[in-house]
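*Asks:*
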Amino acid sequence: MEKAIGIIEKKIRDASWEDVKNVFDTFRLLAATLKQDKENILYLIEDKLGMLCLKAKKIVKDFEEKEILRTKQCLHDFFGKNPDTNPTVLRNEMQKIIRQEIGKGFDVFRNDFERAILKHIQETVDYLLRHSSDIIHEFKTAVEILFEIPMGKFEYSVDICKDSNFYCIVHEYTTTSGNKFHSILRSVLSQPARRKLVLHEMIAEIASNISSNCDRILCDATSGICATIEYYARQLKGLGNDPIARIEQAIHEGITQRSAENGVSKLVHQRLLTA
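According to my numbering, the stretch in the sequence shown is residues 34 to 308, in order.
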């Protein structure tokens, strides 16, 4: 590109003033078009960001519903297989089961979920990169036609930050019921009834516990998606800025040399360009 910049300076210096003004106006139009194309992609990014977040929400919601049913079934199975266990022991054993099952379920889901979300992020980034590559290629081609020279390789890149720090914190299960009526019932109910009350309380807590973990996963995933796409958007804003700045500089250098050779002040030429 260095060679092309030097040629542009010479062309501006040697061309007629009418040609210089036409080239300058056309180049400004090309630069404005590139800017508008980048803004259009930024709007597209917003749509893709929303779609990715909705996709993550659906995956988490489907898992939540299935995991609640699966864990509840584990408790029912344990309850049915241990008919003689007293309520206190039953509660303690069910707490262990819940911790184990939720931990196991979320460990598997976390890995699958991370892979799925990262795959969707990569597909989205690749899609947007192709669009970015197309618009910079079109701009490069137009510049080559305008100045009638090969521009060589435009040095640009978009460094994508892939945030894979999706995590899940499975809290130890603890009963948090403060229902005084349950406390009263425990003192008067028979052991079979108290066992059923324990089962009821444990099942009631499962949904809350699993939902809380799912909320954490979704919150972190959404943050990761937004961080990745927003980082891409920031990179995109600078796409093509360097070659535009260098070509503009070459045009102005050519005008400066032309002004000096023709005995006309550079300021006069600049005013004519913007007229």
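Backbone N, C-alpha and C define an ideal beta-carbon position, used for all residues, glycine too.
Which one of Leu230, Pro183, Gln106, Ile38 has the shortest CA to CA distance from Glu124?
*Replies:* What you label residue 124 is simply residue 91 of the sequence shown in a count that begins at 1. For the sequence presented, residue 124 should be read as Arg rather than Glu. Closest by alpha carbon: Leu230.
*Asks:* Pick from Gly136, Lys68, Ile169: whose alpha carbon is nearest that of Asn242?
*Replies:* Taking the first residue of the sequence shown as 1, we reach residue 242 at position 209. Nearest C-alpha to Asn242: Gly136.
*Asks:* Buried or exposed: which applies to Pro183, given that a residue is buried once 16 or more other Cβ atoms fall within 10 Å of its Cβ?
*Replies:* As a working note, residue 183 is residue 150 in the sequence shown. Counting Cβ neighbours within 10 Å, Pro183 comes out exposed, since fewer than 16 surround it.
*Asks:* Quick check on this structure: which residue in Leu102, His164, Gly185, Leu108 has the alpha carbon closest to the alpha carbon of Ile74?
*Replies:* Residue 74 sits at position 41 when you count from the first residue of the sequence shown. Nearest of Leu102, His164, Gly185, Leu108 to Ile74, Cα basis: His164.
*Asks:* Which of helix, strand or coil does DSSP assign to Ser244?
*Replies:* Here residue 244 refers to the residue found at position 211 of the sequence shown. Of the three classes helix, strand and coil, the one that applies to Ser244 here is helix, per DSSP.
*Asks:* Starting from Leu272 and walking both ways along the alpha helix (DSSP H), at which residues does that stretch end?
*Replies:* Your numbering for residue 272 matches position 239 in the sequence shown. From DSSP, Leu272 is part of no alpha helix (DSSP H); its letter is neither H nor E.
*Asks:* Looking at Asn274 and the ligand ZN, is the gap between the Cβ and the nearest heavy atom below 8 angstroms?
*Replies:* Annotation note on the ligand ZN: not contained in the displayed structure, which lists no ligands.
*Asks:* From this set, Ser292, Ala293, Ile284, which residue's C-alpha is nearest Asn55's C-alpha?
*Replies:* Against the sequence shown, residue 55 aligns to sequence position 22. When only C-alpha atoms are compared, the closest one is Ile284.
*Asks:* Under 9 angstroms between the Cβ atoms of Leu269 and Lys71?
*Replies:* As a working note, residue 269 is residue 236 in the sequence shown. As a working note, residue 71 is residue 38 in the sequence shown. Going by C-beta atoms, Leu269 is nearer than 9 angstroms to Lys71.
*Asks:* Please report the straight-line C-alpha distance between Ser292 and Ile38, rounded to a whole angstrom.
*Replies:* Within the sequence shown, numbered from 1, the residue matching residue 292 stands at position 259. Within the sequence shown, numbered from 1, the residue matching residue 38 stands at position 5. So the two alpha carbons sit approximately 19 angstroms from each other.
*Asks:* Between the Cα of Asp58 and those of Val176, Met84, Ile258, spot the shortest distance and give me the residue it belongs to.
*Replies:* Indexing the sequence shown from 1 puts residue 58 at position 25. Here the closest residue by C-alpha is Val176.
*Asks:* Do you know offhand how far Tyr264's Cα is from Glu147's?
*Replies:* Numbered from 1 along the sequence shown, position 231 holds the residue referred to as residue 264. Numbered from 1 along the sequence shown, position 114 holds the residue referred to as residue 147. In a straight line, the C-alpha of Tyr264 is about 19 angstroms away from that of Glu147.
*Asks:* Taking 9 angstroms as the cut-off, decide whether the C-beta atoms of Ile78 and Ile258 are in contact.
*Replies:* Taking the first residue of the sequence shown as 1, we reach residue 78 at position 45. Taking the first residue of the sequence shown as 1, we reach residue 258 at position 225. Their beta carbons are not under 9 angstroms apart, which means Ile78 does not touch Ile258 by this criterion.
*Asks:* Measure the alpha-carbon distance for Ala48 versus Thr255 and round it to whole angstroms.
*Replies:* By 1-based counting over the sequence shown, the position of residue 48 is 15. By 1-based counting over the sequence shown, the position of residue 255 is 222. Cα to Cα, the separation comes out at about 55 angstroms.
*Asks:* Based on Cα-Cα distance, which residue from Ser166, Ile280, Cys107 lies nearest to Phe180?
*Replies:* Here residue 180 refers to the residue found at position 147 of the sequence shown. Out of Ser166, Ile280, Cys107, Ile280 has the C-alpha closest to the C-alpha of Phe180.
*Asks:* How long is the line joining the alpha carbons of Ser166 and His109, rounded to whole angstroms?
*Replies:* As a first step, residue 166 is located in the sequence shown; it is residue number 133 there, counting from the start. As a first step, residue 109 is located in the sequence shown; it is residue number 76 there, counting from the start. Cα to Cα, Ser166 sits roughly 57 angstroms from His109.
*Asks:* On the three-state DSSP scale, how would you describe Gly39?
*Replies:* For the purposes of this step, residue 39 is identified with residue 6 of the sequence shown, where counting begins at 1. Here Gly39 sits in helix by DSSP.
*Asks:* Out of curiosity, what's the CA-to-CA distance linking Ile101 and Cys86?
*Replies:* Taking the sequence shown and counting its residues from 1, one reaches residue 101 at position 68. Taking the sequence shown and counting its residues from 1, one reaches residue 86 at position 53. Taking the straight line joining both Cα atoms gives about 22 angstroms.
*Asks:* Candidates Leu82, Leu272, Thr104: which alpha carbon is nearest His153's?
*Replies:* Start at 1 with the first residue of the sequence shown, and residue 153 comes out as number 120. Comparing Cα-Cα distances from His153 to each of Leu82, Leu272, Thr104, the minimum goes to Leu82.
*Asks:* Quick one: what's got a C-beta closer than 7 angstroms to Phe142's C-beta in the same chain, skipping five residues either side?
*Replies:* In the sequence shown, counting from the first residue as 1, residue 142 sits at position 109. The residues are Phe96.
*Asks:* Looking at the structure shown, is Ile182 part of a helix, part of a strand, or coil, going by DSSP?
*Replies:* If you number the sequence shown from 1, residue 182 lands on position 149. Coil, per DSSP.
*Asks:* Could you say which of Lys43, Phe112, Lys90 lies nearest to Leu18 if we only look at CA atoms?
*Replies:* The requested residue 18 does not occur in the structure, where the chain is confined to residues 34 to 308.
*Asks:* Run through the stretch 90–162 for me and flag every whole alpha helix (DSSP H) of 4 or more residues, listed as ranges in chain order.
*Replies:* Counting only runs of 4 or more, we get nothing.
*Asks:* Could you check if Val6 is buried or exposed, using at least 16 other CB atoms within 10 Å of its CB as the buried criterion?
*Replies:* Nothing can be reported for residue 6, as the shown portion of the chain is limited to 34 through 308.
*Asks:* Roughly how many whole angstroms lie between the Cα atoms of Leu63 and Ile168?
*Replies:* If you number the sequence shown from 1, residue 63 lands on position 30. If you number the sequence shown from 1, residue 168 lands on position 135. In a straight line, the C-alpha of Leu63 is about 11 angstroms away from that of Ile168.
*Asks:* Sort Arg228, Ala226, Gln106 by Cα distance to Ile130 and report the nearest one.
*Replies:* On the sequence shown, position 97 is the one that residue 130 refers to. Of the listed residues, the one whose Cα sits closest to Ile130 is Gln106.
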